[in-house]
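Peer 1: Next up is a structure, given as structure tokens.
Numbering (our numbering), first residue to last: 286 to 521.
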């Protein structure tokens with residue numbers, strides 16, 4: 286694959302491939318009541334998009350011992366929901382383009398493989414070589430390393446793509462490059478401040494920057510005063 290330094294692309298799912306934020310926002314306060322942590326008010330959502338997962342957990346007052354129970358409950362709710370979450374526009378086409386170019390694709394997520402496959406559909410799910418699902422909130426680095434080892438690809442040739450600060454931290458801990466998407470939960474401004482290897486404005490921008498014809502393209506999208514990338518899809 287001349288001109289392509291990355292051979293393995295590892296995607297996050299929620300907020301990166303699929304627009305799960307509306308669903309998450311719709312169930313969160315019910316979960317807060319069940320597990321007795323702080324509710325999130327509508328007028329504070331935008332400010333919280335600049336928080337890391339650890340900062341958000343502290344803000345909500347969630348003890349660490351409750352996290353596995355909350356995560357398990359949310360996965361069960363997502364499984365019981367009859368409707369699959371929608372993919373962001375252009376995601377299917379982007380994934381097909383990457384795969385047709387010979388890149389190896391994988392998903393690492395705290396969500397379940399069945400939920401992810403349902404959202405992707407059989408054809409798009411078939412583009413992925415590996416799924417490593419049910420990862421702990423801060424347990425993605427080991428999943429990244431495991432996928433690279435099974436694929437026989439050096440860490441320097443891997444790129445992890447996600448929408449949260451913890452995705453960046455996990456990629457760093459695994460010794461892999463990180464590409465940030467500007468349309469997920471964490472604000473584009475907060476992600477850009479981390480100095481990711483790539484900043485993506487929309488799903489098609491991933492293919493544009495990853496494939497040879499787009500290497501010299503929009504490597505540093507402009508983040509406006511509102512913290513959004515120009516042209517990025519909006520949540521919900």
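Note that beta-carbon positions come from the ideal geometry of N, C-alpha and C, so glycine has one too. All figures in this text were calculated on a predicted structure; none of them were measured in a lab.
Taking the continuous beta strand (DSSP E) assigned at residue 393, which residues delimit it?
Peer 2: Within the chain shown, the letter at position 108 stands for residue 393. Element bounds for residue 393: 389–394.
Peer 1: Going straight from the alpha carbon of residue 375 to that of residue 402, what length do you get?
Peer 2: As a position in the chain shown, residue 375 is number 90, starting the count at 1. As a position in the chain shown, residue 402 is number 117, starting the count at 1. Distance between the alpha carbons of residue 375 and residue 402 is about 17 Å.
Peer 1: By a C-beta neighbour count over all protein chains shown, 10 Å radius and 16 as the cutoff for buried, is residue 348 buried or exposed?
Peer 2: As a first step, residue 348 must be located in the chain shown, where it is residue number 63. Flag for residue 348 reads exposed.
Peer 1: Where residue 473 and residue 463 are concerned, what is the direct C-alpha to C-alpha distance, given to the nearest angstrom?
Peer 2: Here the question's residue 473 lines up with position 188 in the chain shown. Here the question's residue 463 lines up with position 178 in the chain shown. Approximately 14 Å between the Cα atoms of the pair.
Peer 1: Leaving out five residues on either side along the sequence, give the residues of the same chain with a beta carbon under 8 Å from the beta carbon of residue 388.
Peer 2: Start at 1 with the first residue of the chain shown, and residue 388 comes out as number 103. Correct list, in chain order: 286, 289, 291, 292, 293, 294 and 495.
Peer 1: Can you confirm whether residue 358, when its beta carbon is compared against all beta carbons of chain D, has any partner nearer than 8 Å?
Peer 2: No chain D is present in this structure, which holds just one protein chain.
Peer 1: Helix, strand or coil: how does DSSP classify residue 482 here?
Peer 2: Within the chain shown, residue 482 is the residue found at index 197, counting from 1. Here residue 482 sits in coil by DSSP.
Peer 1: Compute the distance between the beta-carbons of residue 450 and residue 475, then report whether it is under 8 Å.
Peer 2: Within the chain shown, residue 450 is the residue found at index 165, counting from 1. Within the chain shown, residue 475 is the residue found at index 190, counting from 1. In contact: residue 450 and residue 475 (Cβ atoms closer than 8 Å).
Peer 1: Where does residue 455 land, buried or exposed, given buried means 16+ other C-beta within 10 angstroms?
Peer 2: For this step, residue 455 is matched to residue 170 along the chain shown. Burial call: buried.
Peer 1: According to DSSP, is residue 416 part of a helix, a strand, or is it coil?
Peer 2: Here residue 416 is taken as the residue at index 131 of the chain shown, counted from 1. Residue 416: strand per DSSP, three-state reduction.
Peer 1: Between residue 488 and the rest of its own chain, which residues show a CB-CB distance below 6 Å, the 5 nearest in sequence each way excluded?
Peer 2: Stepping through the chain shown from its first residue, residue 488 is reached at position 203. Only 373, 375, 376 and 379 meet the Cβ criterion.
Peer 1: From 468, 393 and 382, pick the residue whose C-alpha is nearest to that of residue 497; which is it?
Peer 2: In the chain shown, residue 497 corresponds to position 212, counting from 1. The residue with the shortest Cα to Cα distance from residue 497 is 382.
Peer 1: What alpha helix (DSSP H) runs, 4 residues minimum, are completely inside the stretch 321–371?
Peer 2: Correct list: 330–333, 338–345 and 352–365.
Peer 1: Contact between the stretch 441–450 and the stretch 296–306 is defined here as three or more beta-carbon pairs at a separation below 8 Å; is this criterion met?
Peer 2: Touching, yes.
Peer 1: Under the DSSP definition of a beta bridge, which residues are partnered with residue 303?
Peer 2: Counting from 1 along the chain shown, the entry for residue 303 is found at position 18. Paired residues: 299 and 372.
Peer 1: Pull up the distance between the alpha-carbon of residue 340 and that of residue 418, whole angstroms please.
Peer 2: Here residue 340 is taken as the residue at index 55 of the chain shown, counted from 1. Here residue 418 is taken as the residue at index 133 of the chain shown, counted from 1. Using only the alpha carbons, I get a separation of about 24 Å.
Peer 1: So what's residue 294 in DSSP terms, helix, strand or just coil?
Peer 2: Numbered from its first residue, the chain shown carries residue 294 at position 9. Strand.
Peer 1: Does DSSP put residue 431 in a helix, in a strand, or in coil?
Peer 2: What you label residue 431 is simply residue 146 of the chain shown in a count that begins at 1. Helix.
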